[in-house]
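Engineer: Quick one: structure below, then a few questions.
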Amino acid sequence: MSTAHYDVNGNIAVIRLDNPPVNGLALALRQGIVNGIRTAEADDAVKAVVLIGSDRAFSGGADISEFGSDKASAEPNLNTVINYVETSRKPVIAAISGACMGGGLELALGCHYRIAKPDAQIALPEVKLGLLPGAGGTQRLPRVIGAEHALNMIVSGSVVPAKQFKGSALFDEIVDGELLDAAIAFATKVVSENLPLKKVRDLKAKHPNPEGFFMFTQNTVGAMAKNYPAPLKCVEAVKAAVTMPFDKGMEVEREAFVNLMQTPESRALRHAFFSERLTSKIADVPSDTPVRDIKSVGVIGGGTMGTGISINFLNAGIPVTLVEMKQEGLDRGVEAIRKVYEGRVKKGRMSEDDAKAKMALLTPSLSYDDLSNADLVIEAVFEEMGVKQSVFEKLDEVCKSGAILASNTSTLDLNKIASFTKRPEDVIGLHFFSPANIMKLLEVVRGEKTAKDVLATAMKLAKAIKKTAVVSGVCDGFIGNRMINKYQREALLMLEEGASVQQIDKAIEKFGFAMGPLRMADLAGGDIGWAIRKRQYEENPEMVKMVVADRLCEMGRYGQKTGAGFYRYEPGNRNALHDPEVDKVVDDVRAELGITPRKISNQEIVERCVYALVNEGAQILDEGIAQRASDIDMVYLTGYGFPVFRGGPMHYAEEVGLPNVVRAMQAFTEDRHTQPGFWEPAALLAKRAEEGKGFDSK
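Throughout, my numbering is defined as the position within the sequence shown, counted from one, plus 1211.
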């Protein structure tokens, strides 16, 4: 139960915030603070009040468990709490250690005095949720650290150590040692010296050239913010702090906060925030499921994926044995890892000693026998079932009992891979995304026999290597690649129907994707998609062939790696350049297929590509491959460049309105070039549209 504990130490009252883990300002805690102030004011023996949290956090801000509920805005709301603190007849001192962020910092700014540990973390991160501070942060922070520093913090949402504000009006003292003792000593000094009740609101927010500064800032922030309205609203609110009386500035802040809460961008960012926290919750795997101890990792394959995977574990301080079949490949792999660390040292992102320490954790090997004591082994070899079979049969022989055997397969049947061993319960899919040491997404593929403790271990390990792990069931392509197959298909069909390569990519990039589908195919390597398509053509003879993509691959145009794909590339330059040779291939294919090209709008390009994702996502949900729609969104936000300000394909579809998505899909069926049944709404999509509910509704 979140609360605030009230104690008296001599003539100093101590209100200790208690809502683990970060003292989120839940309703009960807010009530506890107000009650504590009232109690202190009613006790003549109490001369001052200390407000303190835990070592981990003064307060991390709003309690996320109350988001969207009546409790979030119930009285006393945060503004009311701050008013009680600020108008207290007795001095209130905030004693800060750990996280002091968002509403927690706003609460501290409402106190008369503030002391902090030097490493306390100070931030107003609301912009990352498409919002701005809504309890006076934009008005008070500029008054204590200056408009420019405050605006930088508010617009970026970045975390700054308290020691950087030493000497500013934000902190009256930066203290080492035991915080509560220091706070009581400071409060005693305030009382004995009869120091005034300082109110931040009474200070003047200053800037030597406010007109020029805010004009420049609006231009630069506006250019950077693009699809995010919150940063510019932050500028307006801080400008109000400098140019208006405090109460008027508060009105500007409040109006902006209320307006931003209603924007689709903020809804999308808040959806992403909560969705990321949901991914680790697995319905039939309790949070207290025992996990296996992972002290050493083996990686098979020294190519791009294997080296990237290795770096993740080295970064986390976990020793890695990298196995290759030939010395030349092994040397290349080790050198690739070394270059990554050398690059970080050169850019000042890590010390030379740290880089050497990471490399010292790496053991290169040409023998599977060196994996005999590994707790986890991940294969990152060629995406072909016969190759996987030989690897897993060998691992089954050499790995110790209890070792987890993982495949980095992106499309193949994990259950079949597990069947190559006598311990299918120890087999799991760990699908990293390239470059594996940078991309946040990790698809954790749960086989039909994967043990619960293996799954729990994988999810815990993902956090250790700083990945967003999403659980997927077994199917062709799992969540991400199964869906992207439909997305790419529509792009390629529209290329045959009349759109150009450039139009398709520009339309999708304008929608907000980091990269259009055809540029993405060139980056990933056309040969990879071609190999998958050839397997799928064989397994499903009725499948519509992607003739243009296949033709380009037959010509050896695999994308950036060969200098030519849907675009051409000049040596040393990754810029995608228009290539008339591709136009000729497209024209030839249209003629062969008897297609008369038509004008295709950008809206149709976006809807067909995105709704293909949505429909397949709904099918994946219905089959139980994904646990929830928000998991699918996290796959696309962290692994496929879907625009964060749109919240992922499933959230975006709900924003558009599922009945509107279904209606658009029905219109696409009228195109004679469409494969029969492709645009038939998935049963779950049709049902939710009819019910007027969201995907995750019960």
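Note that CB positions come from ideal geometry on N, CA and C, so glycine has one too. Everything numeric in this text was worked out from a predicted model, so none of it was measured.
Is Gly1295 helix, strand or coil by DSSP?
Structural biologist: Translated into positions along the sequence shown, residue 1295 becomes position 84. Note that residue 1295 corresponds to Tyr in the displayed sequence, not to Gly. Reduced to three states, the DSSP call for Tyr1295 is helix.
Engineer: Report back the beta-carbon spacing between Gly1684 and Arg1657 to the nearest angstrom; my notes put them in contact at under 8 angstroms.
Structural biologist: Residue 1684 sits at position 473 when you count from the first residue of the sequence shown. Residue 1657 sits at position 446 when you count from the first residue of the sequence shown. Contact holds; Cβ gap of about 6 angstroms.
Engineer: Does the region 1335-1352 touch the region 1395-1402, meaning 3 or more C-beta pairs lie closer than 8 angstroms?
Structural biologist: Short answer: they don't touch.
Engineer: Quick check: the Cα distance between Phe1457 and Leu1443, rounded to an integer number of angstroms?
Structural biologist: For the purposes of this step, residue 1457 is taken as the residue at position 246 of the sequence shown. For the purposes of this step, residue 1443 is taken as the residue at position 232 of the sequence shown. Roughly 20 angstroms between the two C-alpha positions.
Engineer: Measuring alpha carbon to alpha carbon, tell me which of Leu1525, Gly1517, Ala1710 ends up nearest Ser1507.
Structural biologist: Within the sequence shown, the letter at position 296 stands for residue 1507. Measuring from the Cα of Ser1507, the nearest candidate turns out to be Leu1525.
Engineer: Are Leu1158 and Ile1548 close, meaning C-beta to C-beta below 8 angstroms?
Structural biologist: Any answer about residue 1158 is impossible in this case: the structure gives the chain only from 1212 up to 1909.
Engineer: What residues in its chain sit with their C-beta under 8 angstroms from that of Leu1391, if we drop five residues either side in the sequence?
Structural biologist: As a position in the sequence shown, residue 1391 is number 180, starting the count at 1. If we look at Leu1391 and ignore the five residues flanking it on each side, its Cβ neighbours are Val1225, Val1261, Ile1263, Ala1306.
Engineer: Since I believe Leu1236 is in contact with Leu1289 (beta carbons under 8 angstroms), could you give me their beta-carbon distance rounded to a whole number of angstroms?
Structural biologist: Here residue 1289 refers to the residue found at position 78 when the sequence shown is read from its first residue. Here residue 1236 refers to the residue found at position 25 when the sequence shown is read from its first residue. Confirmed, about 6 angstroms.
Engineer: Identify, in the order they occur along the chain, each residue of the same chain with its Cβ nearer than 7 angstroms to the Cβ of Leu1706, setting aside the five sequence neighbours on each side.
Structural biologist: Position 495 of the sequence shown, counted from the start, is the residue given in the question as residue 1706. For Leu1706, where only same-chain residues beyond five positions count, the Cβ hits under 7 angstroms are Val1712, Ile1715, Val1759, Val1797.
Engineer: Quick one: using the 10 Å Cβ neighbour count with 16 as the cut-off for buried, is Ile1843 buried or exposed?
Structural biologist: On the sequence shown, position 632 is the one that residue 1843 refers to. Buried, by the Cβ-count rule.
Engineer: What span of residues does the beta strand (DSSP E) with Pro1442 cover, start to end?
Structural biologist: Against the sequence shown, residue 1442 aligns to sequence position 231. Pro1442 -> not in any beta strand (DSSP E); alpha helix (DSSP H) instead, spanning 1441-1454.
Engineer: Please determine, among Thr1291, Ala1710, Ala1416, the residue with the shortest C-alpha to C-alpha distance to Gly1243.
Structural biologist: In the sequence shown, residue 1243 corresponds to position 32, counting from 1. Cα-wise, what sits closest to Gly1243 is Thr1291.
Engineer: So what's Gln1375 in DSSP terms, helix, strand or just coil?
Structural biologist: For this step, residue 1375 is matched to residue 164 along the sequence shown. Three-state DSSP puts Gln1375 in a helix.
Engineer: What I want to know is whether the C-beta of Lys1550 ends up closer than 7 angstroms to one or more non-hydrogen atoms of the ligand MN.
Structural biologist: This structure does not include the ligand MN; it has no bound ligands of any sort.
Engineer: Is the beta carbon of Leu1895 closer than 8 angstroms to that of Leu1832?
Structural biologist: Here residue 1832 corresponds to residue number 621 of the sequence shown, with the count starting at 1. Here residue 1895 corresponds to residue number 684 of the sequence shown, with the count starting at 1. Contact: yes.
Engineer: Would you be able to state if there are at least three C-beta pairs under 8 angstroms between the region 1484-1494 and the region 1558-1573?
Structural biologist: Output reads no: the region 1484-1494 does not touch the region 1558-1573.
Engineer: When the distance is taken between beta carbons, is Leu1533 closer than 8 angstroms to Leu1342?
Structural biologist: Walking along the sequence shown from the start, residue 1342 turns up at place 131. Walking along the sequence shown from the start, residue 1533 turns up at place 322. Not a contact, by the Cβ cut-off of 8 angstroms.
Engineer: Would you mind sorting Thr1349 into buried or exposed? The rule is 16 or more other CB atoms within 10 Å of its CB.
Structural biologist: Taking the sequence shown and counting its residues from 1, the one referred to as residue 1349 is at position 138. Buried is the call here.
Engineer: Use the C-beta contact count for Gln1838: other C-beta atoms within 10 angstroms, 16 or more gives buried, fewer gives exposed.
Structural biologist: For the purposes of this step, residue 1838 is identified with residue 627 of the sequence shown, where counting begins at 1. Looking at its Cβ environment, which holds 16 or more other Cβ atoms inside 10 Å, Gln1838 is buried.
Engineer: Quick one, are the C-beta atoms of Arg1801 and Pro1808 less than 8 angstroms apart?
Structural biologist: As a working note, residue 1801 is residue 590 in the sequence shown. As a working note, residue 1808 is residue 597 in the sequence shown. Contact flag set, yes.
Engineer: If you measure between the beta carbons of Asp1733 and Gln1771, is that distance less than 8 angstroms?
Structural biologist: By 1-based counting over the sequence shown, the position of residue 1733 is 522. By 1-based counting over the sequence shown, the position of residue 1771 is 560. Going by C-beta atoms, Asp1733 is nearer than 8 angstroms to Gln1771.
Engineer: What are the boundary residues of the alpha helix (DSSP H) that Tyr1748 is part of?
Structural biologist: Walking along the sequence shown from the start, residue 1748 turns up at place 537. Here the alpha helix (DSSP H) through Tyr1748 covers 1737-1750.
Engineer: Less than 8 angstroms between C-beta atoms, sequence neighbours within five positions excluded: which residues of the same chain meet that for Met1455?
Structural biologist: What you label residue 1455 is simply residue 244 of the sequence shown in a count that begins at 1. Around Met1455: Val1463.
Engineer: Since Lys1599 and Thr1620 are thought to touch, with beta carbons under 8 angstroms apart, how far apart are those beta carbons, to the nearest angstrom?
Structural biologist: Position 388 of the sequence shown holds residue 1599. Position 409 of the sequence shown holds residue 1620. Confirmed, Cβ separation roughly 7 angstroms.
Engineer: Helix, strand or coil for Leu1666, going by three-state DSSP, please let me know.
Structural biologist: Counting from one through the sequence shown, the residue named residue 1666 turns up at place 455. Three-state result, Leu1666: helix.
Engineer: For Arg1241, which residues in the same chain have their Cβ closer than 6 angstroms to its Cβ, ignoring the five residues on either side in sequence?
Structural biologist: Here residue 1241 corresponds to residue number 30 of the sequence shown, with the count starting at 1. Pro1287, Val1292.
Engineer: Quick one: grab the DSSP three-state call for Ser1618.
Structural biologist: Mapped onto the sequence shown, residue 1618 falls at position 407. In this structure, Ser1618 counts as strand in the three-state DSSP scheme.
Engineer: Would you mind listing the beta strand (DSSP E) stretches within the region 1595-1648 that are 3+ residues and don't spill past its ends, in chain order?
Structural biologist: Entirely contained in the region 1595-1648, the beta strand (DSSP E) runs reaching 3 residues are, in chain order, 1615-1618, 1638-1643.
Engineer: Apart from the five residues on each side of it in sequence, which residues of its chain come closer than 7 angstroms, Cβ to Cβ, to Thr1911?
Structural biologist: Shown here, the chain extends from 1212 to 1909; a query on residue 1911 therefore has no answer.
Engineer: Can you check whether the CB of Leu1320 is closer than 8 angstroms to the CB of Leu1352?
Structural biologist: Locating residue 1352 in the sequence shown gives position 141, where the first residue counts as 1. Locating residue 1320 in the sequence shown gives position 109, where the first residue counts as 1. Against a cut-off of 8 angstroms, the Cβ pair of Leu1320 and Leu1352 comes out as a contact.
Engineer: Output needed for Asp1581: all residues of its chain with C-beta closer than 6 angstroms, excluding positions within five of it in sequence on either side, in chain order.
Structural biologist: Taking the sequence shown and counting its residues from 1, the one referred to as residue 1581 is at position 370. So the list reads Thr1532, once near-sequence residues are dropped.
Engineer: Which stretch, first to last residue, makes up the alpha helix (DSSP H) that contains Thr1679?
Structural biologist: Indexing the sequence shown from 1 puts residue 1679 at position 468. Segment 1679-1683 is the beta strand (DSSP E) holding Thr1679; no alpha helix (DSSP H) there.
Engineer: Out of curiosity, what's the CA-to-CA distance linking Glu1430 and Phe1278?
Structural biologist: The residue labelled residue 1430 in the question sits at position 219 within the sequence shown. The residue labelled residue 1278 in the question sits at position 67 within the sequence shown. Just to set this straight, residue 1430 is Asn in the shown sequence, not Glu. Whole-angstrom Cα-Cα distance: 33 angstroms.
Engineer: Verify whether the separation of the beta carbon atoms of Val1602 and Glu1590 is less than 8 angstroms.
Structural biologist: Translated into positions along the sequence shown, residue 1602 becomes position 391. Translated into positions along the sequence shown, residue 1590 becomes position 379. Against a cut-off of 8 angstroms, the Cβ pair of Glu1590 and Val1602 comes out as a contact.
Engineer: With DSSP as the reference, identify every bridge partner of Met1312, one or two as the case may be.
Structural biologist: To locate residue 1312, count along the sequence shown from 1; it is residue 101. Answer by DSSP bridge pairing, in chain order: Ala1334.
Engineer: Could you tell me whether the Cβ atoms of Ile1304 and Phe1397 are closer together than 8 angstroms?
Structural biologist: Locating residue 1304 in the sequence shown gives position 93, where the first residue counts as 1. Locating residue 1397 in the sequence shown gives position 186, where the first residue counts as 1. In this structure, Phe1397 lies closer than 8 angstroms to Ile1304 by Cβ.
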